[in-house]
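In short: position in the sequence shown from 1, add 339, done, that's my numbering. Here is the structure we will look at, set down as structure tokens.
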Amino acid sequence: MKAQTNITLDELIKNLRYLRMNFLAENLDPLIEQLALKELSNLEFLEETIKAEVNEKEARAQQRRINNSRMGIIKNLEDFKFHHPSKIDVEKVRYHNRLGFIERRQNIIIIGTVGLGKTHIAKSYLHQACLAGYTCLFVTAAEITEQLSAAQKNQNLEKAMKKYIKPQCLVIDELGFIPMNKQACDLFFQVISRRHENNSTIITSNRTYNQWGQIFNNDSIVTSAILDRVLENSDTMVIHGSSYRMRDQKKAAAIIEQNE
């Protein structure tokens with residue numbers, strides 16, 4: 340009788356693998372024992388086993404989206420030190436973590452000096468978006484222009500451009516750290532223009548809007564065109580304060596000085 344059960348189970352596992360229900364195929368035996376203790380009806384048992392497979396597939400899909408986003412170290416708002424900036428709209432920061440801006444195809448611009456957590460907030464939103472099922476990508480402004488410039492040189496621009504146009508949520512980090520030449524400005528404009536009204540873009544920058552001309556080669560036409568598309572459907576968060584990283588360095592320097 341036991342041999343017959345094993346044959347049936349083996350056949351069932353084979354069928355599960357054929358259907359690519361690999362989690363159930365690998366965990367069916369212990370799952371049967373676990374669910375047997377609950378004394379479930381046939382329908383309830385089927386529901387529980389399918390739910391286990393769905394949960395595992397969704398977990399793998401979430402991890403795949405996180406990996407594909409290239410965000411590096413994962414950040415969450417729970418770990419953000421809201422007490423450090425001298426001024427930050429906490430309610431607004433938390434509100435956008437609900438991701439309604441993605442459905443509205445709205446842009447989020449986070450402005451502040453270095454070390455205030457702009458990237459942390461942007462990555463938090465991106466991580467939440469990955470978990471929620473959105474396609475996501477994290478990139479610096481310099482990486483975008485460097486990669487697109489190389490693609491243009493190799494006559495492969497359209498394929499490279501799609502990488503930045505398609506994600507439902509794109510984070511462009513560190514806009515303003517490196518000024519752009521004319522070619523870079525034109526390429527950056529194409530990304531912003533083609534994403535406009537189609538997908539959400541999160542931009543972090545150490546420059547206020549009246550300084551963006553310095554980023555874009557002092558070209559007033561390109562700067563105005565980029566600002567027009569970025570700001571039309573957007574929300575801006577400005578963070579004030581001193582660098583958190585510099586604060587730690589100053590503390591360390593003070594300790595060293597005391598011990599000398």
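Heads up, the beta-carbon is just placed ideally off N, CA and C, and yes, glycines get one too.
Checklist entry - Is residue 458 buried or exposed, if buried means 16 or more other CB atoms sit within 10 Å of its CB? => result The residue labelled residue 458 in the question sits at position 119 within the sequence shown. By the 10 Å Cβ count, residue 458 comes out buried.
Item to check | Proximal residues to residue 481 (C-beta, below 6 angstroms), its chain only, five neighbours per side dropped | outcome: On the sequence shown, position 142 is the one that residue 481 refers to. Cβ neighbours of residue 481 beyond the five flanking positions: 517.
Next on the checklist: Assuming residue 577 is part of the alpha helix (DSSP H), what are its boundary residues?
Outcome noted: Residue mapping note: residue 577 aligns to position 238 of the sequence shown, counting from 1. No alpha helix (DSSP H) holds residue 577; the beta strand (DSSP E) holding it covers 573-577.
Next on the checklist: Between the alpha carbons of residue 524 and residue 555, how many angstroms are there, rounded?
Outcome noted: Looking up residue 524 in the sequence shown gives position 185. Looking up residue 555 in the sequence shown gives position 216. Their backbone Cα atoms lie some 6 angstroms apart in a straight line.
Checklist entry - Just checking my contact of residue 551 with residue 566 at CB under 8 angstroms: how many whole Å lie between their CB atoms? => result Here the question's residue 551 lines up with position 212 in the sequence shown. Here the question's residue 566 lines up with position 227 in the sequence shown. That pair is a contact at about 6 angstroms.
Item to check | Buried or exposed by the 16-neighbour rule on C-beta atoms within 10 Å, applied to residue 579 | outcome: One-based indexing of the sequence shown puts residue 579 at position 240. With a threshold of 16 other beta carbon atoms within 10 Å, residue 579 falls short and is exposed.
Item to check | CA nearest to the CA of residue 406, picked from 542, 500, 473, 455 | outcome: Position 67 of the sequence shown holds residue 406. For the options 542, 500, 473, 455, the alpha carbon positioned closest to that of residue 406 is the one of 473.
Checklist entry - Would you report the Cα separation of residue 410 and residue 465, rounded to the nearest angstrom? => result Residue numbering aside, residue 410 sits at position 71 when the sequence shown is read from its first letter. Residue numbering aside, residue 465 sits at position 126 when the sequence shown is read from its first letter. Going by the C-alpha atoms only, they are around 8 angstroms apart.
Checklist entry - For the beta strand (DSSP E) that contains residue 512, what are its first and last residues? => result Counting from one through the sequence shown, the residue named residue 512 turns up at place 173. Start and end: 508-514.
Checklist entry - Should residue 574 and residue 440 be called a contact, given that it needs their Cβ atoms to be closer than 8 angstroms? => result The residue given as residue 574 occupies position 235 in the sequence shown. The residue given as residue 440 occupies position 101 in the sequence shown. Cβ distance < 8 angstroms, so residue 574 and residue 440 count as in contact.
Next on the checklist: Considering only the alpha carbon of each residue, which of 352, 530, 502 lies closest to residue 368?
Outcome noted: Start at 1 with the first residue of the sequence shown, and residue 368 comes out as number 29. Residue 368 has its Cα closest to that of 352, out of 352, 530, 502.
Next on the checklist: Can you find the residues in the same chain that come closer than 6 angstroms, C-beta to C-beta, to residue 533, ignoring five residues on each side of it along the sequence?
Outcome noted: Looking up residue 533 in the sequence shown gives position 194. The residues are 504.
Next on the checklist: Can you tell me whether residue 399 is buried or exposed? The criterion is at least 16 other CB atoms within 10 Å of its CB, across all chains shown.
Outcome noted: As a working note, residue 399 is residue 60 in the sequence shown. By the neighbour-count definition (other C-beta atoms within 10 Å, threshold 16), residue 399 is an exposed residue.
Item to check | Extent of the continuous alpha helix (DSSP H) to which residue 530 belongs | outcome: Position 191 of the sequence shown, counted from the first residue, corresponds to residue 530. Segment 521-534, the alpha helix (DSSP H) holding residue 530.
Next on the checklist: How far does the beta strand (DSSP E) with residue 447 in it extend, from its first residue to its last?
Outcome noted: Here residue 447 corresponds to residue number 108 of the sequence shown, with the count starting at 1. Note, residue 447: beta strand (DSSP E), 446-450.
Checklist entry - Near residue 590, which residues of its chain fall below 7 angstroms by C-beta distance, leaving aside the five closest residues on each side in sequence? => result Taking the first residue of the sequence shown as position 1, residue 590 is located at position 251. Confidence at residue 590 is low in this model, with a pLDDT of 49, below 50, so its placement is unreliable and the value that follows should be read with caution. The beta carbon of residue 590 sits closer than 7 angstroms to none of the beta carbons in its chain outside the five residues before and after it.
Next on the checklist: To the nearest angstrom, how far is the alpha carbon of residue 548 from that of residue 362?
Outcome noted: Taking the sequence shown and counting its residues from 1, the one referred to as residue 548 is at position 209. Taking the sequence shown and counting its residues from 1, the one referred to as residue 362 is at position 23. Rounded to the nearest angstrom, the two C-alpha atoms are 51 angstroms apart.
Item to check | Unbroken stretches of the alpha helix (DSSP H), 4 residues or longer, contained in the stretch 545-571 | outcome: Here the runs fully enclosed are 551-554, 559-570.
Next on the checklist: Considering only DSSP beta bridges, list what residue 539 is partnered with.
Outcome noted: Here residue 539 is taken as the residue at index 200 of the sequence shown, counted from 1. For residue 539, which the question treats as bridged, DSSP gives the partners 508.
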